[in-house]
Amino acid sequence: MIIDQEKPDVKKYIRQCIVSVLLAVLFSGCSLDKTPGAPFQYRKYQEAAMEQFMDEDYLSALENFRKAFQVNPSKLENDKFFAAASALQLGKDEEARDYIISAIEENNANRAYFDSFDHFSEFRSNEVLVEIGRNYSKHQEVYLANIEHPEIAREIDSMIRADQQVRTESSQLNRMKAVDSSNIRRLIEITKAYGWQEEAWIILWHQRGYYKTDNEVWNFFYPFISAEMERGKVNPDFWAMFEDDKSIREDGVQIFGTYSNNYDQFPVKNISRVDELRDSVGLPSLRFMNKVYGAAMPSNYHLVN
Numbered sequence: 002m003i004i005d006q007e008k009p010d011v012k013k014y015i016r017q018c019i020v021s022v023l024l025a026v027l028f029s030g031c032s033l034d035k036t037p038g039a040p041f042q043y044r045k046y047q048e049a050a051m052e053q054f055m056d057e058d059y060l061s062a063l064e065n066f067r068k069a070f071q072v073n074p075s076k077l078e079n080d081k082f083f084a085a086a087s088a089l090q091l092g093k094d095e096e097a098r099d100y101i102i103s104a105i106e107e108n109n110a111n112r113a114y115f116d117s118f119d120h121f122s123e124f125r126s127n128e129v130l131v132e133i134g135r136n137y138s139k140h141q142e143v144y145l146a147n148i149e150h151p152e153i154a155r156e157i158d159s160m161i162r163a164d165q166q167v168r169t170e171s172s173q174l175n176r177m178k179a180v181d182s183s184n185i186r187r188l189i190e191i192t193k194a195y196g197w198q199e200e201a202w203i204i205l206w207h208q209r210g211y212y213k214t215d216n217e218v219w220n221f222f223y224p225f226i227s228a229e230m231e232r233g234k235v236n237p238d239f240w241a242m243f244e245d246d247k248s249i250r251e252d253g254v255q256i257f258g259t260y261s262n263n264y265d266q267f268p269v270k271n272i273s274r275v276d277e278l279r280d281s282v283g284l285p286s287l288r289f290m291n292k293v294y295g296a297a298m299p300s301n302y303h304l305v306n
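Numbering-wise (the numbering used here), the sequence shown opens with residue 2 and increments by one.
Spelled out as structure tokens, the structure:
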């Protein structure tokens, strides 16, 4: 039986979690570099670069982004956008252009994300951003032309649009359930035939209300994605927010602190070990998230970290 993502008792806090989901997406879904030590090296350079960017030390930030991309040139579009913003601040427009186009053509960076990225705001009239915006769809076609099954990517995109549309219009709950059920059934078929599709995370997330329970969805996806994690094809932080959601529903507490807007209502279970637990699955510290993304921190965090 295919089930809906949200049990009634969860709905009271779902609307408060949108920012937490967006932050989680920034750190989930990219393929891991299988070179020994590479993920650690990438994180070291990336986190240093992000902190330097927030300190407006754009030259050091750009240098560390370059080092990170040498370790793994195909990482998240978020990092490439920040690298581009660093380059723009330094007047290195061509380098910025290369990072942005790479984010689109190699990482399928969403147009809405490009348009809303705050650190491009002061450069919107820059010819580099104007030209990229003008040709955005052409760069997206390059991405589709270079992947193995572009028709599946287009179908996933259509499924996600349906998922989001039903949540933004005044649809009845039954309509949302119907869309979720259709999407997850098709996603199971696609995953069996073509493997896990990174962009489909939000579709699986909308089945979180029954995470790890004995049903058709989770009897398939949990062992499948866990095996992909073991093979280094899915990031080790993939289940972190699912685990926090399950822990909140069952015990009212978080494990990894991924619900940053809900610390008062749903505190972190073991605040003295939260950064250690986050690090074990490849998530940055809560201090880093606060400094770089403005994410809230638990009120007792400073006492033990």
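Just so it is clear, CB atoms sit at the ideal spot from N, CA and C, and this is done for glycine as well.
TODO: Identify, in the order they occur along the chain, each residue of the same chain with its Cβ nearer than 7 Å to the Cβ of V131, setting aside the five sequence neighbours on each side.
DONE: none
Task: 7 Å Cβ cutoff met for D245 and T259 - done: yes
Open item on the list: Here's a check: name, in chain order, each residue in its chain whose Cβ is nearer than 6 Å to the Cβ of Y212, leaving out the five neighbours to either side.
Closed with: F243 and K247
TODO: Please state if the CB of V293 and the CB of K270 are separated by a distance shorter than 7 Å.
DONE: no
TODO: Drop a sphere of 10 angstroms on the beta-carbon of D252, count the other beta-carbons inside from all chains shown, and report buried for 16 or more, exposed for fewer.
DONE: exposed
- [ ] Would you please state the rounded distance, in angstroms, between the beta carbons of P285 and E48? I believe it to be under 8 Å.
- [x] 6 Å
Task: Neighbourhood of I1 by C-beta, 7 Å cutoff - its chain only, sequence neighbours within 5 removed - done: Any answer about residue 1 is impossible in this case: the structure gives the chain only from 2 up to 306.
Open item on the list: Tell me the residue span of the alpha helix (DSSP H) that contains G310.
Closed with: Residue 310 is absent from the structure shown; the chain starts at 2 and stops at 306.
Open item on the list: Using a 10 Å radius around the Cβ and a threshold of 16 neighbouring Cβ atoms, would you call D116 buried or exposed?
Closed with: exposed
Open item on the list: Within 10 Å of its beta-carbon, does N220 have 16 or more other beta-carbons around it, so buried, or fewer, so exposed?
Closed with: exposed
- [ ] Ignore the nearest five residues each way along the sequence and tell me which others in F222's own chain have a CB closer than 7 Å to its CB.
- [x] L205
- [ ] Check R275 in the structure and name its three-state DSSP category.
- [x] For clarity, residue 275 is Val in the given sequence; the question names Arg instead. Helix at V275.
Task: G295 burial status per 10 Å Cβ neighbour count (16 or more: buried) - done: exposed
Open item on the list: Run through the DSSP bridge pairs and tell me what Q255 is partnered with.
Closed with: V269
Open item on the list: I'd like to know whether the C-beta atoms of Y100 and V72 end up nearer to each other than 7 Å.
Closed with: no
Open item on the list: Looking only at its chain, what residues have a beta carbon closer than 8 Å to the beta carbon of M160, apart from the 5 residues adjacent to it on each side?
Closed with: N184, R187, L188, A201 and I204
Open item on the list: For the alpha helix (DSSP H) containing I161, name the first residue and the last one.
Closed with: P151 to T169
TODO: Look at the Cβ atom of A88, then the Cβ atom of L63, and state whether they are nearer than 7 Å.
DONE: yes
Open item on the list: Taking its Cβ as the centre, do 16 or more other Cβ atoms sit within 10 Å of I157, making it buried, or is it exposed?
Closed with: buried
TODO: Quick one: residues in its chain with C-beta nearer than 8 Å to the C-beta of L278, no 5 flanking neighbours on either side, listed in chain order?
DONE: I256, F257 and N271
- [ ] With DSSP as the reference, label H207 as helix, strand or coil.
- [x] coil
TODO: Could you check the C-alpha separation between K93 and E229 for me, to the nearest Å?
DONE: 39 Å
- [ ] Would you give the residue range spanned by the alpha helix (DSSP H) that V305 belongs to?
- [x] Y302 to V305
Open item on the list: Comparing C-alpha positions only, which one of Q165, K45 and F82 sits nearest to A69?
Closed with: K45
Open item on the list: Quick check: what's the CA-CA separation for R288 versus E107?
Closed with: 30 Å
Open item on the list: Rounded to whole angstroms, what is the Cα-Cα separation between G1 and P237?
Closed with: Any question about residue 1 goes unanswered here, given that the chain covers just 2 to 306.
Task: Where the alpha helix (DSSP H) through P224 begins and ends - done: E217 to E231
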